[in-house]
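The structure under discussion appears below in the form of structure tokens.
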Amino acid sequence: MDRYDAHEIEAKWQAVWEDEQAFHAADPEPGDDKARFYMLEMLPYPSGQLHMGHVLNYTMGDVVTHFRRRTGHEVLRPMGFDSFGLPAENAAIREGGHPLEITERNIATITNQMRRMGWAIDWQRVVSAHETTYYHWTQWLFLKFLEKGLVYRKEAPVNWCPNDQTVLANEHVVDGKCWRCGAVVEARNMAQWFFKITAYADQLLDDLATIDWPERTKKIQTNWIGRSDGAEVLFRVDELDIDIAVFTTRPDTLFGATFFVVAPESPLVDTLVDGTADADEVRAYARVAGARPTEEREQREKTGVFTGRYATNPVNGERIPIWVADYVLMEYGTGAIMAVPAHDERDAEFAAAFALPVVAVISEDGTLVNSGEFNGQEANAAKGAIVQWLSEHGRAKQAINYRLRDWSFSRQRYWGAPIPVVYCETCGIVPVPESDLPVLLPEVEDYRPKGKPPLASNEEFMNVACPSCGGAGRREADTMDTFVDSSWYYLRYCDPHNAEAPFERRLVDAWMPIDQYIGGIDHAKGHLLYSRFFVKAMNDWGMLGFREPFQRLFHQGWVLLDGRKMSKSQAGVSPDELVDQFGADAIRIYILFQGPADQDINWSPDGIEPMVRFVRRFWRVVHEAAAQPESPAGVDTALARKAHETIARVTDDIDRRFVFNTPIAAVMELVNELSKKPDDPAARFAAETAVSVLQPYAPHVCEELWGMLGKSRLWDSPWPVADEALLVHDEVELVLQVNGKVRDRVRVPAGLSDDELIERARASEKVQAHVNGGDEQRVIVVPDKLVNIVV
RNA sequence: GCCGAAGUGGCGGAAUUGGCAGACGCGAUGGACUCAAAAUCCAUUGCCCUCCGGGGCGUGUGGGUUCGAUUCCCACCUUCGGCACCA
């Protein structure tokens with residue numbers, strides 16, 4: 001028997017797969033009816049090397065890829081690099097090189113790491129965001145969104161990261177900090193580009209019901225979109241002869257509105273105070289309060305000033321004072337509220353601070369009081385009734401508000417796709433014509449951020465003729481957020497070399513939506529929301545024929561080092577070093593055997609050595625079995641049954657349950673059984689089965705053993721099918737309970753009647769001892785499993 | 001504050017539809033092989049008691065439903081995650 005040499009075997013089969021392009025997915029032919037499966041894991045940022053978190057992610061995807069291939073699917077399993085953007089650029093700054101050079105070096109390193117892990121990737125479809133052949137179409141899509149009115153430029157308060165020196169999307173501010181670098185984010189007013197994702201808020205919410213995603217992820221998106229159903233109610237300011245609208249989710253409390261509040265940034269402030277005695281004072285407050293940094297504003301100590309004006313409550317005609325206070329936000333609703341201190345905590349605090357009246361309108365039993373003709377109605381029913389009554393008088397309408405904001409995606413950084421527009425003094429903002437794409441990212445010496453976009457100081461890039469009038473124009477100097485690149489990369493994989501269009505609809509429709517997507521839950525409200533938005537928009541324009549990109553989603557857990565997420569450069573845990581030391585197969589088994597793949601793993605190398613031992617033992621036991629004669633077809637021994645049971649368990653675990661640790665345990669059990677029965681007539685069959693079902697986990701050693709068993713091309717061989725007849729046991733262990741406690745176990749033939757089973761139970765001495773002559777109250781029988789005697 | 005997820009041996013974890021708690025692996029203990037070690041193999045291994053037959057307890061805590069609960073229900077504790085002056 002040859003000694004098991006992981007490195008020799010792994011290099012050998014990796015070379016074969018490379019030569020054959022074994023995992024290349026064939027393009028769909030028009031009219032073919034192949035079963036297809038699109039398996040995708042989130043693509044890596046090439047800001048360093050792979051770490052064990054990637055190894056978990058991609059090994060899991062690899063098991064699914066092999067399993068689906070071998071169960072008759074044409075599987076698309078591509079790979080690419082999210083190579084534009086902050087992660088890669090910051091890596092370049094850290095290492096003191098140019099982003100292009102650093103990025104491409106990292107891509108080469110990661111590619112090599114991926115090959116050494118033996119992952120079944122279609123290497124002919126590699127896509128990198130920074131390649132002109134890719135960002136050409138990112139720019140093309142930008143123009144399309146612009147043309148469709150789903151992209152706009154606006155001066156708005158945005159999140160500025162003082163460390164990364166760029167604007168951040170709301171999605172990437174966590175607890176007021178930049179999610180990448182942790183710096184406290186500042187509010188700044190800047191002209192920025194936005195995707196109008198809010199236009200799809202409802203669909204993004206409703207269509208969650210159509211996809212198979214973890215509930216917690218749907219919850220995150222639901223919270224983030226933050227839909228509130230309510231009403232818009234008009235309050236009249238008689239002196240000025242104007243109406244002010246407020247949004248409320250509690251129209252049932254309208255009779256309890258005792259004052260009215262306007263946000264300090266609201267343009268209404270000026271209108272309201274014009275000509276009042278304290279106008280200057282109010283304006284001064286509004287100016288200071290409106291400019292206050294967000295963190296300070298969240299201090300919750302209520303501040304505000306009375307405007308001197310009154311609004312009329314449309315339900316009862318009461319005149320209530322209008323205040324300006326910074327606890328009301330301009331961004332949400334209408335920037336003005338009716339305040340009901342009796343039933344809103346914030347309004348209550350404000351009323352307490354400024355001695356404003358409080359009128360309760362809902363009693364303890366949940367019905368309305370002090371509410372005129374609505375008294376006695378149940379609060380929820382009253383909501384509709386009051387809005388109905390008001391709308392008949394033209395003073396209210398049903399309304400919906402969202403928390404979701406438009407996606408700000410322009411970045412004041414170098415390493416990204418240039419935004420293809422030109423500013424012209426005569427024509428304004430002019431899109432670059434499609435025929436002039438791509439707008440190439442110029443090579444600049446000094447790409448570092450300095451508070452203004454680095455491209456702005458490149459005169460050669462900036463100065464361009466206006467595409468519309470031919471006069472002097474200036475290019476947009478901001479670049480696109482890397483999340484724009486990753487919002488459509490999975491579509492490009494379907495048609496990666498298309499030079500005429502981002503993709504051909506026929507190809508995308510054949511593969512999409514993605515059957516299984518795997519990636520970190522940290523992308524729940526960013527990438528996963530943006531991508532859904534992109535697909536919905538493109539579907540509306542007829543570019544593709546589906547409305548959701550990711551049909552099934554799974555989040556792998558983190559690989560933690562000392563309780564923290566692993567980063568790309570942790571000493572001693574580089575996949576390369578581990579492969580050098582233990583071999584790829586052992587690493588692959590190790591990372592999936594640690595526990596359920598959606599659970600965090602505390603990194604410790606201690607678990608790897610046992611997996612190496614298992615692979616060696618597996619190797620030895622299969623070699624011993626190979627010396628045995630072929631197992632006869634339909635061989636029926638306990639070992640044969642164990643093998644069939646293993647097939648059934650592994651298949652069900654991967655296919656239906658989507659768990660990856662227990663199949664390894666099942667194969668270990670089979671190998672243990674086999675090692676105890678080396679002469680069993682089913683020994684060879686058991687060995688073949690173990691090799692076959694372990695192949696998705698350890699493709700190299702299994703391929704080698706498959707060859708040793710006289711077979712070839714396991715990666716292309718059909719997945720084994722368990723013989724149903726041999727899954728049924730003819731003898732079962734019957735559990736005997738007395739009063740619900742296990743007292744004995746006996747082996748009985750399968751399929752006995754209830755009466756026969758009770759007979760066996762009564763015959764047990766141990767059962768008799770516990771029944772101890774007591775009266776049988778009741779006997780519960782679970783056929784082939786259990787008898788419970790209650791005395 | 002609102003919403004959600006999770007809590008099982010010394011450790012990672014298993015138990016799929018309410019039916020044998022602890023599969024599989026680690027670690028530990030004892031033994032075989034060896035001059036010795038490594039590797040390998042065998043046995044034991046939830047806790048407590050034991051006259052070695054067995055008995056009691058046990059899945060975060062306290063209740064409940066049930067013949068029977070890690071699994072279902074209620075309350076609570078702890079940890080983690082999302083949202084949060086969002087009207």
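Sequential numbering from 1 applies to the first sequence in the numbering used here. Glycine included, C-beta positions come from ideal geometry on N, C-alpha and C.
- R125 has its alpha-carbon roughly 13 Å from the corresponding atom of T111.
- By DSSP's assignment, Q21 forms no beta bridge with any residue.
- F255 places its beta carbon less than 8 Å from that of V361.
- By the beta-carbon neighbour count (other beta carbons within 10 angstroms, threshold 16), N772 is exposed.
- Membership of G53 in any beta strand (DSSP E) is not indicated; the residue belongs instead to the alpha helix (DSSP H) covering 52 to 70.
- At the C-beta level, S631 and A682 come within 8 Å of one another.
- Selection F84, L150, V621 evaluated against A537 yields L150 as nearest (Cα-Cα).
- In this structure, K383 and P251 form a Cβ contact; the two beta carbons are roughly 5 Å apart against a cut-off of 8 Å.
- One Cα belongs to V273, the other to V174, and the distance between them is close to 37 Å.
- Within a 10 Å sphere around the beta-carbon of D680 sit 16 or more other beta-carbons, which makes this residue buried.
- A Cβ-Cβ separation of about 4 Å places A289 in contact with P264 under the 8 Å criterion.
- By the 16-neighbour rule on beta-carbons within 10 angstroms, W213 is buried.
- Contact check for V261 and A325: beta-carbon distance about 5 Å, within the 8 Å limit, so the pair qualifies.
- From the listed residues I102, G96, P314, the smallest Cα separation to A88 is found for I102.
- Per DSSP, E349 lies in no beta strand (DSSP E); the unbroken alpha helix (DSSP H) holding it starts and ends at 345 to 354.
- When DSSP reads this structure, T367 sits in a beta bridge with E378.
- In the DSSP assignment, D509 falls within the alpha helix (DSSP H) that extends over 505 to 511.
- Nearest Cα to R36 within the set V55, G72, D2: G72.
- Closest in C-alpha terms to L141, from the list S487, D446, A625, comes S487.
- The Cβ neighbour count for G366, taken over all protein chains shown within 10 Å, is under 16; the residue is labelled exposed.
- Q398 carries a strand assignment under DSSP once its states are collapsed to helix, strand and coil.
- Rounded to the nearest whole angstrom, the CA to CA distance from W224 to R403 is 7 Å.
- When Cβ pairs closer than 8 Å are counted between the two stretches, the region 457 to 474 is seen not to touch the region 146 to 160, the count staying below three.
- A residue is called buried once 16 or more other Cβ atoms fall within 10 Å of its Cβ, and I514 is buried on that count.
- Here D229 carries a strand assignment [DSSP, helix/strand/coil].
- If you draw a straight line from the Cα of A584 to the Cα of A120, it is about 13 Å long.
- Per DSSP, the continuous beta strand (DSSP E) segment holding T166 begins and ends at 166 to 168.
- Fully contained in the region 257 to 284 are the following alpha helix (DSSP H) runs of length 4 or more, in chain order: 268 to 273.
- The way I'd put it, the region 156 to 171 does touch the region 523 to 532; three or more beta-carbon pairs between them come closer than 8 Å.
- Per the C-alpha coordinates, the member of D27, H7, W407, A6 positioned closest to A510 is D27.
- Here K154 is bridged, per DSSP, to Q192.
- Checking the DSSP bridge columns, you'll see G542 has no partner listed.
- Non-local C-beta neighbours of C702 in its own chain, meaning closer than 7 Å and more than five positions away in sequence, comprise V691, L694, Q695, L714, ordered along the chain.
- Note that the C-beta distance between A597 and L205 is not below 8 Å.
- Taking all protein chains in view, the Cβ of P678 is surrounded by fewer than 16 other Cβ atoms within 10 Å, so the residue is classified as exposed.
- In the DSSP assignment, C424 is bridged to G428, G473.
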